[in-house]
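One rule links them: number in our numbering = place in the sequence shown (from 1) + 16. Note that CB positions come from ideal geometry on N, CA and C, so glycine has one too. All values derive from a computational prediction rather than experimental measurement. Read through the structure below, which is laid out as structure tokens, and then see the notes.
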Amino acid sequence: MAKQTVRIDGLKELETALSSLPRATGKKVARDVLKDAAEPMARSARQLAPKDEYHLYESIDVSTRLNSRQRSLHRQENSQSFQEMFVGTNNPAGVQQEFGNERHPAQPFMRPAWDSEKMPTLYRIANSLWFHIEKAARRLARKR
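So this is what it looks like as structure tokens:
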């Protein structure tokens, strides 16, 4: 698989703008933007997931929460980030469906959704983050 490089300009300015907001407001802005940007990826995964198998279709979601096993694996791999959002299913049958096993061939639904939506998701985040930061700053200025 070829390595893909993405260049994003303006991240320092975004970080500065987010840090100028109160921490709770900055986290809410980031959470809202990430959730809105990731929803099309979840929608794509729902379309690709088998409809009659283990209720996978209904369990695919965009969330900040993980189940306990996912949380422990995530903690081992990464340090704490300012804000994170996850797309996927917490249904254990989802892993079997995605990767297959000795009795069931793989029927991936998350990987194709990721492959088709990773760049559009990045662009959605980049385009809407400034708008939401400015909107939050105007709202805070009105309150003051």
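Spatial neighbours of residue i in its chain, beta-carbon cut-off 8 Å, leaving aside the 5 residues before and after
{"i": "Gln112", "result": "His120"}
{"i": "Leu72", "result": "Ala65, Pro66, Thr105, Asn107, Ala109, Gly110, Gln113 and Phe125"}
{"i": "Thr137", "result": "Ala53, Ala54, Pro56 and Met57"}
Length of the line joining the Cα atoms of residue i and residue j
{"i": "Asn106", "j": "Arg160", "result": "42 Å"}
{"i": "Gln20", "j": "Leu82", "result": "28 Å"}
{"i": "Pro124", "j": "Ser79", "result": "20 Å"}
{"i": "Phe115", "j": "Ala157", "result": "50 Å"}
{"i": "Met101", "j": "Glu118", "result": "32 Å"}
{"i": "Tyr139", "j": "Ala33", "result": "18 Å"}
{"i": "Leu145", "j": "Glu133", "result": "18 Å"}
{"i": "Arg47", "j": "Glu29", "result": "18 Å"}
{"i": "Leu154", "j": "Ser35", "result": "According to the sequence displayed, residue 154 carries Arg and not Leu. Approximately 15 Å, taken between the alpha carbons."}
{"i": "Ala40", "j": "Leu89", "result": "26 Å"}
{"i": "Gly26", "j": "Ser75", "result": "35 Å"}
{"i": "Arg23", "j": "Met135", "result": "11 Å"}
{"i": "Phe98", "j": "Leu37", "result": "13 Å"}
{"i": "Ala129", "j": "Val103", "result": "10 Å"}
{"i": "Ala142", "j": "Gln92", "result": "28 Å"}
Cβ shell of residue i (< 6 Å), same chain only, five flanking positions each side left out
{"i": "His148", "result": "Val45 and Val49"}
Run of the alpha helix (DSSP H) containing residue i, from where it starts to where it stops
{"i": "Asp68", "result": "It is not in any alpha helix (DSSP H) - Asp68 carries neither H nor E in the DSSP assignment."}
{"i": "Ser88", "result": "Ser84 to Glu93"}
{"i": "Phe132", "result": "Note that residue 132 corresponds to Ser in the displayed sequence, not to Phe. Start and end: Met126 to Lys159."}
Where residue i falls, given that 16 or more other Cβ within 10 Å makes a residue buried
{"i": "Gly42", "result": "buried"}
{"i": "Arg127", "result": "exposed"}
{"i": "Ala54", "result": "buried"}
{"i": "Met57", "result": "buried"}
{"i": "Ala122", "result": "exposed"}
N- and C-terminal bounds of the beta strand (DSSP E) containing residue i
{"i": "Asp25", "result": "Note, Asp25: premise wrong, no beta strand (DSSP E); not H, not E."}
{"i": "Gly116", "result": "Per DSSP, Gly116 belongs to no beta strand (DSSP E) and is neither H nor E."}
{"i": "Ser97", "result": "Neither: Ser97 is in no beta strand (DSSP E) and is coded neither H nor E."}
Beta-carbon contacts of residue i that lie in its chain and below 7 Å, excluding the five residues immediately before and after
{"i": "Lys51", "result": "Val78 and Met101"}
{"i": "Ala152", "result": "Leu37, Thr41 and Val45"}
key: contact_flag[the region 84-93, the region 54-62] where n(CB pairs < 8 Å) is 3 or more   = Short answer: they don't touch.
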